[in-house]
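For the sequence shown, our numbering gives the first residue as 1, with consecutive numbering after it.
Each residue gets a CB set at the ideal place from its N, CA and C atoms; glycine is no exception.
A short worksheet on the structure shown next.
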Amino acid sequence: MLTITRKLEFDAGHRIPDHKSQCRNLHGHRYTLEITLVGNVIDEEGSSDNGMIMDFSDIKSLAKQHLVDVWDHSFIVYEEDAKVREFLESIPGHKTVIIDRIPTVENLAQTAFNILNAAYKDHYGTGLRLHKLVLHETPNCWAEITAEG
Numbered sequence: 001m002l003t004i005t006r007k008l009e010f011d012a013g014h015r016i017p018d019h020k021s022q023c024r025n026l027h028g029h030r031y032t033l034e035i036t037l038v039g040n041v042i043d044e045e046g047s048s049d050n051g052m053i054m055d056f057s058d059i060k061s062l063a064k065q066h067l068v069d070v071w072d073h074s075f076i077v078y079e080e081d082a083k084v085r086e087f088l089e090s091i092p093g094h095k096t097v098i099i100d101r102i103p104t105v106e107n108l109a110q111t112a113f114n115i116l117n118a119a120y121k122d123h124y125g126t127g128l129r130l131h132k133l134v135l136h137e138t139p140n141c142w143a144e145i146t147a148e149g
């Protein structure tokens, strides 16, 4: 199996509402996102993408459009975290991303995978698909999710 991987970074804040330690407080991270794709190598003479699974700049462009630019410098909040949502809504123009689960790195990785899986799926008609996503919350802590099948 031949795969390609593109790494991107973004900054975002969150909190884990019921956590037993410091993570229950508002805080942020410099997230690192690794996107691994699998698909057939393009074999089309004269094509800019000839010999590639996907151009790395296209991987970046789609990731930025669908996820990175949406989450970068935002506060990612669980929809049931009423106190924080109320606070964030009181700040005019604040960049807030509301998700349907507690924003642990595991849940953020799953959410990101779902978003990017749809963005990359068979983009060129070559069987292109998201194979794996790794989301680093810190240099020493991360979650990774791999496509089934």
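Beta-carbon separation (whole angstroms), residue i vs residue j, contact threshold 8 Å
i	j	result
K7	E34	5 Å
H136	T32	4 Å
H131	L26	About 34 Å; that fails the 8 Å criterion.
I53	V41	6 Å
T96	S74	6 Å
Which of helix, strand or coil DSSP assigns to residue i
i	result
L128	coil
R101	coil
V38	strand
I115	helix
E80	coil
First through last residue of the beta strand (DSSP E) which encompasses residue i
i	result
E144	141–146
E9	3–14
Residue environment, residue i, which counts as buried when at least 16 other CB atoms sit within 10 Å
i	result
D43	exposed
D81	buried
G194	The chain is shown from 1 up to 149; residue 194 falls before or after that span and cannot be answered.
H14	buried
A147	exposed
A118	exposed
F113	buried
F10	buried
L133	buried
Proximity test, residue i beta-carbon vs the ligand MG heavy atom, cut-off 7 Å
i	result
T5	The ligand MG is absent from the structure shown, which contains no ligand whatsoever.
*Which residue spans inside the segment 14–75 form an unbroken beta strand (DSSP E) run of at least 3?*
Runs of the beta strand (DSSP E) inside the segment 14–75: 27–38.
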